[in-house]
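Novice: Residue numbering for the sequence shown follows the numbering used here, starting at 1348 and increasing by one per position.
Backbone N, C-alpha and C define an ideal beta-carbon position, used for all residues, glycine too.
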Amino acid sequence: MSDVPAATPRGPYDWQLQVDARDAHTLADFWIQALGYELEDNTAFIEGLLQHGAAPEELTFRRPDGILSWKGFEAIRGAGRRILFHTVPEEKTVKNRWHVDINVGEARMHAEAERLVALGATQVREIAEPGGHWIAMLDPEGNEFDIQ
C-alpha cells in the first residue's frame, strides 16, 4: 500500500517546477536566497547508495557545506512548490514563456530588487501601468522574473 495520494479526476496530486540551468548548484543557491527556501538534503540517501555500490561516486557533488547531491541536480523546498534545477548543455536563447513573480508589496519592491542584485540578479526595468507596478529582473543565468 502506497502513502502517495492518488491523482484526482481534475489532475495530479502534486507537482514540482523543473528548471534547466548551466550550473544547477549555483542557480539553486541564488533561488534559495531569493525565495527563502532551503536546500533539499539527500546526503544520507546518496551515501547509502554509494556504500552499497548502487551508484558511482563520480555522479555525486559535495557542496562546500558538506551536503551531498547528484552532480548536475539540485532541489530546493520552501513555502511554495519544490524546485528542481538540472544542468543542461544548451544555453538559454529566448525569452521565458512564463516566469516567477516575487510578491513583497510596493513598499519593499526597491529594497528587494537591490538585495537580489547583490546576490547576482540584474534589474532590467521598472514598469508602472494602470494594472500594476513591478520590477523586471533576470536571475544569474538570464531567466526572467518580476518583483511586485
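Can you round the beta-carbon distance between threonine 1434 and alanine 1368 to whole angstroms, since I take them to be within the 8 Å contact cut?
Specialist: The count along the sequence shown starts at 1 and reaches residue 1434 at position 87. The count along the sequence shown starts at 1 and reaches residue 1368 at position 21. The Cβ separation is near 6 Å, so the contact holds.
Novice: Could you say which of Val1471, Arg1462, Gln1495 lies nearest to glycine 1478 if we only look at CA atoms?
Specialist: Taking the first residue of the sequence shown as position 1, residue 1478 is located at position 131. When each option's Cα is compared against that of glycine 1478, the closest is Gln1495.
Novice: Out of His1446, Gly1489, Asp1361, which one is the CA nearest neighbour of glycine 1467?
Specialist: In the sequence shown, residue 1467 corresponds to position 120, counting from 1. With distances taken between Cα atoms, glycine 1467 lies closest to Gly1489.
Novice: Which residue spans inside the region 1365–1444 form an unbroken beta strand (DSSP E) run of at least 3?
Specialist: For the region 1365–1444, whole beta strand (DSSP E) runs of length 3 or above, ordered along the chain, are 1407–1409, 1415–1417, 1420–1424, 1430–1434.
Novice: If you draw a straight line from the alpha carbon of methionine 1456 to that of alanine 1375, how long is it in whole angstroms?
Specialist: Here residue 1456 corresponds to residue number 109 of the sequence shown, with the count starting at 1. Here residue 1375 corresponds to residue number 28 of the sequence shown, with the count starting at 1. Computed Cα separation, rounded: 22 Å.
Novice: Using 8 Å for Cβ pairs, my map puts arginine 1409 next to tyrosine 1384. What's the rounded Cβ distance?
Specialist: Translated into the one-based positions of the sequence shown, residue 1409 becomes position 62. Translated into the one-based positions of the sequence shown, residue 1384 becomes position 37. No, arginine 1409 and tyrosine 1384 are not in contact; Cβ-Cβ is about 20 Å, not under 8 Å.
Novice: Using only alpha-carbon positions, find the residue among Ala1483, Leu1396, Leu1386 that is nearest to aspartate 1411.
Specialist: Locating residue 1411 in the sequence shown gives position 64, counting from the first residue. Note on identity: in this sequence residue 1411 is proline, with aspartate being the wrong assignment. Comparing Cα-Cα distances from proline 1411 to each of Ala1483, Leu1396, Leu1386, the minimum goes to Leu1386.
Novice: Mark tryptophan 1481 as exposed unless 16 or more other C-beta atoms lie within 10 angstroms of its C-beta, in which case mark it buried.
Specialist: The residue labelled residue 1481 in the question sits at position 134 within the sequence shown. Buried: at least 16 other Cβ atoms inside 10 Å.
Novice: Report the three-state DSSP secondary structure of leucine 1485 (helix, strand or coil).
Specialist: In the sequence shown, the residue the question calls residue 1485 occupies position 138. It is a strand residue.
Novice: In or out: valine 1471 buried (at least 16 other Cβ within 10 Å) or exposed?
Specialist: Mapped onto the sequence shown, residue 1471 falls at position 124. Its Cβ having fewer than 16 others within 10 Å, valine 1471 is exposed.
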